[in-house]
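Notes follow the structure.
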Amino acid sequence: MTGYHSDEGSYPFSIYSGLLTPGHFEKIGHAVWLFLWCISSTTREAEQDGMTLGAVLGHKPLKAAELALVFGVNEKTVRRWLSLLEKNGYIAVRRAPYGIILSVRHSKKFLHRPRAGRVRSEAEERTNESAGSDRPVRLNKDMTQISTNNTSDPVEAIAERFAALRSAQEGRLVQPSPKDYQAIARIVARGVPLPQTIKWLERCFSEYESRRRSRRETIKVFGYCEKYIMDRITAMETRRDNIDKANDRRRFERAGKEEPFITGGQTGRIRPKHV
31 MTGYHSDEGS YPFSIYSGLL TPGHFEKIGH AVWLFLWCIS STTREAEQDG
81 MTLGAVLGHK PLKAAELALV FGVNEKTVRR WLSLLEKNGY IAVRRAPYGI
131 ILSVRHSKKF LHRPRAGRVR SEAEERTNES AGSDRPVRLN KDMTQISTNN
181 TSDPVEAIAE RFAALRSAQE GRLVQPSPKD YQAIARIVAR GVPLPQTIKW
231 LERCFSEYES RRRSRRETIK VFGYCEKYIM DRITAMETRR DNIDKANDRR
281 RFERAGKEEP FITGGQTGRI RPKHV
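Residues in the sequence shown are numbered consecutively from 31, following the working numbering.
The following block contains the structure:
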C-alpha cells in the first residue's frame, strides 16, 4: 500500500495494509497518524538484537512542540500518542539532550531493497544506541552518545552539507529542522545520485550568495533548495526524454532505409534473367 503526505511536496512511501485493521486502531487510535509519519520519515534501517529498527529523520532529536505543529495538535496530544505507540511496541523512544529520538520497531520500509542498501550495520548502530534489550527506552533515560555523522546515509550527508552551508552563510552554527529533513527525504526519494544532489545544493547557495544585497538575507529552510533541485531534476528528465525520443526516431528512420526492396533496388522495367 502507498501513502501520501498532504502537503504540496508529497511523495509516496510503502506501508502494509494490515496496519489499517480494527485491531491496530483499538490499540493506538488516532496515534496511527504519528506512526504513519514516523514510517514516512524513516531514513535508514539497522538490525539490533534480531529486530529491524527504522531511524526517524536519521535519529535527529525532536521536540514535542515540533511534532505538534506537524499535526496541528497540542503537545499533550503528541505525548499521549508517543506513550501509546511506545507502550504497544510500535516505536522506541529515547531521551536526548535536545529532544527525543524515535525509532520504528520491526521497520519494513526498505524490506525489498538489497541488504547492502541498509547503510548501517548492527555493530555500527549499537555504537550510537543502547545495546542489550530491544525494549523501548523510557523518556527519562538520557542517551549517553548521539551520532548522526554518517555520510553513507544520503539524507544525513545532504543535511550535514546544508547545515554547513547555512552556518557559513549566517556566521553561526545552524542545525536542520524536522521540516528540512522531510524536504531532504523527498529529494532522496527521487533517486538522484548523491554527488549530483550535493553539487546542485552548493550551486543553489552560490547563486543565492551572488544575488543577496544584505548579510541578513539568508536561506532559512531546505525547502528553498528543494525547489531549486527539483527544477534541475525536471530539466534533466526532460532532456533525457528528448534524447530518447530523438534516438528512437533515428533508429526508426535508419531501419526504414535499410529495409531491402523486393526488386533489389531496380526501378522501371525489369528484364528477365537468361540462364
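Where a beta carbon is used, it is the ideal one built from N, C-alpha and C, also for glycine. As the structure is a prediction and not an experimental result, all values here were calculated from the model.
Could you tell me if residue i is buried or exposed, where buried requires 16 or more neighbouring beta carbons within 10 angstroms of its beta carbon?
{"i": "Gly-80", "result": "exposed"}
{"i": "Ser-244", "result": "exposed"}
{"i": "Leu-99", "result": "exposed"}
{"i": "Ser-190", "result": "Looking at the sequence shown, residue 190 is not Ser but Glu. So Glu-190 counts as buried."}
{"i": "Ala-55", "result": "Looking at the sequence itself, residue 55 is Phe, so the reference to Ala does not match. Exposed."}
{"i": "Ala-276", "result": "exposed"}
{"i": "Asp-37", "result": "Because Asp-37 carries a pLDDT of 47, less than 50, the predicted location of this residue cannot be relied on, and no value is offered for it."}
{"i": "Ile-273", "result": "exposed"}
{"i": "Ala-213", "result": "buried"}
{"i": "Lys-90", "result": "buried"}
{"i": "Arg-135", "result": "buried"}
{"i": "Glu-267", "result": "exposed"}
{"i": "Arg-242", "result": "exposed"}
{"i": "Leu-95", "result": "First, the amino acid is wrong: residue 95 is Ala here, not Leu. Flag for Ala-95 reads exposed."}
{"i": "Gly-84", "result": "buried"}
{"i": "Lys-139", "result": "buried"}
{"i": "Pro-225", "result": "exposed"}
{"i": "Arg-220", "result": "exposed"}
{"i": "Arg-246", "result": "exposed"}
{"i": "Ser-47", "result": "exposed"}
{"i": "Arg-145", "result": "Reliability fails at Arg-145, whose pLDDT of 43 lies under 50, so the model's placement of it is uncertain and the value that follows must be treated cautiously. Classification for Arg-145: exposed."}
In three-state terms, what does DSSP make of residue i?
{"i": "Ile-249", "result": "coil"}
{"i": "Asp-164", "result": "Unreliable placement is indicated for Asp-164, whose pLDDT of 37 sits below 50; no coordinate value is reported for it."}
{"i": "Arg-324", "result": "Nothing about residue 324 can be reported from this structure: the residues present for the chain run from 31 to 305 only."}
{"i": "Leu-203", "result": "coil"}
{"i": "Tyr-238", "result": "helix"}
{"i": "Phe-43", "result": "strand"}
{"i": "Lys-57", "result": "helix"}
{"i": "Ser-151", "result": "With a pLDDT of 35 at Ser-151, under the threshold of 50, the modelled position of this residue cannot be trusted; read the value that follows with caution. Coil, per DSSP."}
{"i": "Thr-51", "result": "coil"}
{"i": "Tyr-128", "result": "coil"}
{"i": "Ser-197", "result": "helix"}
{"i": "Lys-139", "result": "coil"}
{"i": "Arg-191", "result": "helix"}
{"i": "Arg-279", "result": "helix"}
{"i": "Pro-223", "result": "coil"}
{"i": "Lys-261", "result": "The sequence given here has Asp at residue 261, not Lys. Looking at Asp-261 - three-state DSSP - the assignment turns out to be helix."}
{"i": "Arg-243", "result": "coil"}
{"i": "Asp-183", "result": "coil"}
In angstroms, rounded to a whole number, what distance separates the CA positions of residue i and residue j?
{"i": "Leu-49", "j": "Lys-117", "result": "17 Å"}
{"i": "Leu-203", "j": "Pro-52", "result": "46 Å"}
{"i": "Gln-199", "j": "Thr-248", "result": "7 Å"}
{"i": "Tyr-238", "j": "Tyr-211", "result": "21 Å"}
{"i": "Ser-177", "j": "Val-108", "result": "Caution applies to Ser-177, whose pLDDT of 34 falls short of 50 and renders its modelled position unreliable; the value that the coordinates give is listed next. Answer to the nearest angstrom: the Cα atoms are 25 Å apart."}
{"i": "Ala-194", "j": "Val-218", "result": "19 Å"}
{"i": "Ala-285", "j": "Asp-278", "result": "11 Å"}
{"i": "Arg-270", "j": "Thr-264", "result": "10 Å"}
{"i": "Glu-77", "j": "Arg-196", "result": "33 Å"}
{"i": "Asp-183", "j": "Phe-282", "result": "43 Å"}
{"i": "Gly-88", "j": "Val-62", "result": "21 Å"}
{"i": "Tyr-120", "j": "Pro-208", "result": "20 Å"}
{"i": "Tyr-254", "j": "Ser-71", "result": "19 Å"}
{"i": "Leu-231", "j": "Ser-137", "result": "30 Å"}
{"i": "Leu-114", "j": "Leu-64", "result": "10 Å"}
{"i": "Ile-58", "j": "Arg-124", "result": "19 Å"}
{"i": "Met-236", "j": "Asp-261", "result": "The sequence shown places Ser at residue 236, not Met. Between Ser-236 and Asp-261, the C-alpha separation is close to 16 Å."}
{"i": "Pro-206", "j": "Val-103", "result": "22 Å"}
{"i": "Leu-66", "j": "Gly-201", "result": "37 Å"}
{"i": "Leu-92", "j": "Arg-280", "result": "55 Å"}
{"i": "Lys-250", "j": "Cys-234", "result": "13 Å"}
What does DSSP give as the partner residue(s) for residue i in the beta ladder?
{"i": "Ser-133", "result": "Ala-85 and Ala-122"}
Unbroken beta strand (DSSP E) runs of length 3 or more, entirely within the stretch 65 to 116: which are they?
DSSP assignment within the stretch 65 to 116 yields the following whole beta strand (DSSP E) runs of 3 residues or more, N-terminal first: 72 to 78 and 81 to 86.
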